[in-house]
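A short worksheet on the structure shown next.
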Amino acid sequence: GAGVSQSPSNKVTEKGKDVELRCDPISGHTALYWYRQSLGQGLEFLIYFQGNSAPDKSGLPSDRFSAERTGGSVSTLTIQRTQQEDSAVYLCASSLRVGRGGLAGVPDTQYFGPGTRLTVL
Amino acid sequence: QKEVEQNSGPLSVPEGAIASLNCTYSDRGSQSFFWYRQYSGKSPELIMFIYSNGDKEDGRFTAQLNKASQYVSLLIRDSQPSDSATYLCAVDGGATNKLIFGTGTLLAVQP
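Residue numbers (the working numbering), protein chains in the order written: chain A, 1 to 121; chain B, 1001 to 1111.
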């Protein structure tokens, strides 16, 4: 079956431009997460969706970052007025269910897409 | 601030040896623990999860969890050059199951 897909795989933009990154989760996965991985850094949580709502946006670094999800499926992460420090790999992950302990105590496992490498010149 | 700590390495082991990767976490309320493998230029790939104290084995991999010590480890038996990658430890970060990641340990298996 298809895994998580992301597009574009690479994006080079100029400082000050807006960019949109897309994520297609695994079919049937209700939970969707965005993370960011900067060079030499660990993965940093950005935002979590359950269905179309985002109950946890605590990781968004500034108001230049926003995300939406439609139809309980595709999600778009938008970065406005990009800065050089936004350069990173943006990773999307999806999981089947949410809730601490998942189903019958089995952890809710997240599966990652290939990422979008964003370079801001 | 919830934190996950890993030795960045590189951890170098000869082919066929046991590689031991360690991780500590700060939040005593954490319930689920994950090990991901990340090859250079690729996205993280789930290897194992563990949520009960003790050992969990899957093929050549064994995850160990000690909640009292807030310590998680991953053992890789019969290490192969193809195991060379960065291993990321992740801990559930609360009700939304967002993951808190360590910065990863780079493992190099020498042929």
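Positions of the beta carbon are idealized from the N, C-alpha and C atoms, including for glycine.
{"Item": "Cβ-Cβ distance between Pro107(A) and Asp1055(B) below 9 Å", "Value": "no"}
{"Item": "Proximal chain A residues relative to Pro1111(B), where beta-carbon distance stays under 9 Å", "Value": "Simply none; closest approach about 26 Å."}
{"Item": "Touch test, the stretch 1009-1016 of chain B against the stretch 1076-1086 of chain B, Cβ-Cβ under 8 Å, three pairs minimum", "Value": "yes"}
{"Item": "CA nearest to the CA of Ser1032(B), picked from Ala1108(B), Gln1110(B), Ala1090(B)", "Value": "Ala1090(B)"}
{"Item": "Supposed close pair Leu1021(B), Ser1084(B) - CB separation, criterion 8 Å", "Value": "At roughly 13 Å, the Cβ-Cβ gap does not stay under 8 Å, so Leu1021(B) and Ser1084(B) are not in contact."}
{"Item": "Closest residue to Tyr90(A) among Ser53(A), Thr109(A), Ala67(A) (Cα-Cα distance)", "Value": "Ala67(A)"}
{"Item": "Residue environment, Asp1058(B), which counts as buried when at least 16 other CB atoms sit within 10 Å", "Value": "exposed"}
{"Item": "Inter-residue Cα distance where the pair is Tyr33(A) and Ser7(A)", "Value": "15 Å"}
{"Item": "Interface flag, Ser1040(B) vs chain A, CB-CB below 9 Å", "Value": "no"}
{"Item": "Neighbourhood of Ala1108(B) by C-beta distance below 6 Å, restricted to the same chain and skipping five residues each side", "Value": "Pro1010, Ser1012, Ser1084"}
{"Item": "At least 3 beta-carbon pairs within less than 8 Å: the stretch 3-22 of chain A vs the stretch 78-97 of chain A", "Value": "yes"}
{"Item": "Gly72(A) beta carbon less than 9 Å from that of Thr30(A)", "Value": "yes"}
{"Item": "For Leu14(A), three-class secondary structure by DSSP", "Value": "At residue 14(A) the sequence reads Glu, which differs from the Leu that was named. Glu14(A) falls in the coil class under three-state DSSP."}
{"Item": "Minimum Cβ-Cβ distance from Gln45(A) to chain B less than 9 Å", "Value": "The amino acid at residue 45(A) is misidentified as Gln; the sequence shows Phe. With 9 Å as the cut-off, Phe45(A) counts as an interface residue toward chain B."}
{"Item": "Closer than 9 Å to chain B by CB, Gly59(A)", "Value": "yes"}
{"Item": "Cβ of Ser5(A) within 9 Å of any chain B Cβ", "Value": "no"}
{"Item": "Which residues DSSP lists as bridging Asn1066(B), in chain order", "Value": "Tyr1071(B)"}
{"Item": "Nearest neighbour of Glu1003(B), chosen from Gln1038(B), Gly1041(B), Thr1024(B), Ser1040(B) [CA to CA]", "Value": "Thr1024(B)"}
{"Item": "Option nearest Gln41(A) by Cα separation, candidates Thr1105(B), Ala1095(B), Gln1110(B)", "Value": "Thr1105(B)"}
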